[in-house]
Amino acid sequence: MMPVRRDVHPHLPPDRICDWHERGRHVTHYINALSIFFPAGERFFMDSVRNYRDRITDPQLKQAVAGFIGQEAMHTREHILYNRLLDEAGLPASKLDSVVAKLLNLLRKILPKSWQLAHTIALEHYTAMLAGGMLADPRHMGDSEPGYRQVWTWHALEETEHKAVAFDVWNAVMKPGPYRYLLRAFTMLTTTVTFWAMVFVFHIRLVMADRHCPNKLLGFGRVLNFLWGSPGVLRRMIPEWLDYFRPGFHPWDEDNRAELARIAPLVAEIEETAIRAGASTRAPSIRGVSAGV
Ligand SMILES: [Fe+2]
Ligand SMILES: [Fe+2]
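Residue numbering for the sequence shown follows numbering that gives the first Met the number 0, starting at 0 and increasing by one per position.
Given below as structure tokens:
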């Protein structure tokens, strides 16, 4: 599986940022909360893989790393633009983004590089699980606003395409043995607690800040149903989460590569939707965001 960088720019209608999901504002904000993690998170992923770039000798893996960095750079750019729409709607996206950035900068300072990479492979497993679940069941996006559905589907497909890259770097640079296994398993446990606690808080912050969100408390029932009932995003993730603790685990043990056939038609659909809306198919350049090449 060789990931390639695709310079796509889905058109997101700004007036739908708080209400683009077919299940309403609470579910919309749950997924919006995930978007807030990406710009700082994916920079951290790129850096922790870059730290080991020089130690990779296998030409295939070197090429995969370049593709991984290229894809994450494009995701970073599109989620910065996405999160700006949240700010413009009066929601505290930049404030929450700076919380994530500060936490990850702290990890960069205090953790050894191997521990940083361990966090990256745990979080990449999370993105792969979320992406795989979303791609496997059309009810996750349903009949949501096309541009938002497209940005999440494109991201999910590329997360699937590169799901093993950071893990293969980990296996290539870390000495096999109990330390490698324990560090990987331990980091998954700590990451699980911190990540979901932050998603929970961010979600509540977005819902509370949305002045047009009705039934603030009752709406959380819809999110619970989305996550644990039907389609049950988190419920369905449990077996794959547990699988990570198997000593011989590899991301492609869950073989969903057939989904990747959807990438080319989706890229064409993204362009078409933007053109039909009279929007640009090219992203504006953003200061401080690398092109990932
Ligand atoms: Fe990504
Ligand atoms: Fe990723």
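We treat Cβ as the ideally placed atom computed from N, Cα and C, and that holds for glycine.
With contacts defined by Cβ atoms closer than 8 Å, His-118 and Thr-191 do not form a contacting pair. With respect to Leu-84, Pro-13 sits close: the two C-beta atoms are nearer than 8 Å.
When C-beta atoms of the segment 35-53 are compared with those of the segment 94-105, three or more pairs fall below 8 Å, so the two segments count as touching. In this structure, the CA atom of Ser-229 is about 30 Å from the CA atom of His-8. Look at Ser-143 here: in three-state DSSP terms it is coil, with no helix or strand label. Taking 8 Å as the cut-off, the Cβ atoms of Trp-153 and Met-133 do not count as close. Here the segment 253-265 lies against the segment 126-142, with 3 or more beta-carbon pairs under 8 Å apart.
Comparing C-alpha distances from Arg-286 to each of Arg-5, Ala-72 and Ala-165 shows the shortest one belongs to Ala-72. Inclusion of Thr-126 in the 7 Å shell around ligand 2 follows from its C-beta lying nearer than that to a non-hydrogen atom of the ligand. C-alpha of Tyr-29 to C-alpha of Tyr-125: approximately 16 Å in a straight line. In the DSSP annotation of this structure, the continuous segment of the alpha helix (DSSP H) that includes Phe-194 starts and ends at 177-208.
By the Cβ rule, the segment 56-65 does not count as touching the segment 172-182, because fewer than three pairs are nearer than 8 Å. Close CB contacts of Gly-146 within its chain, under the 7 Å cut and outside five residues either way in sequence, are with Pro-9, His-10, Leu-11, Pro-12 and Thr-272 (chain order). Within its own chain, the residues whose Cβ lies closer than 6 Å to the Cβ of Phe-166, once the five positions on either side in sequence are excluded, are Ile-120 and Pro-250, listed in chain order. Using a cutoff of 7 Å, the CB of Phe-44 counts as near ligand 2, since one of the ligand's heavy atoms is closer than that. The residue among Ile-262, Glu-158 and Arg-52 with its C-alpha nearest the C-alpha of Thr-75 is Glu-158.
The closest CA to that of Val-168, considering only Gly-218, Glu-123, Trp-227 and Phe-185, is found on Glu-123.
DSSP places Met-45 inside the alpha helix (DSSP H), whose first and last residues are 24-49. Excluding the 5 residues flanking it on each side, Gly-23 has same chain C-beta neighbours closer than 8 Å at Gly-218 and Arg-221, in chain order.
Of all alpha-carbon atoms in Leu-116, Glu-258 and Ala-155, the one lying nearest the alpha-carbon of Val-172 is that of Leu-116. Looking at the backbone, the Cα of Arg-210 and that of Ala-282 are separated by about 29 Å. DSSP places Trp-19 outside both helix and strand once states are collapsed to three, so it counts as coil. Beyond the five residues adjoining it in sequence on each side, Glu-21 comes within less than 7 Å, by CB distance, of Gly-141, Asp-142 and Ser-143 in the same chain, given in chain order.
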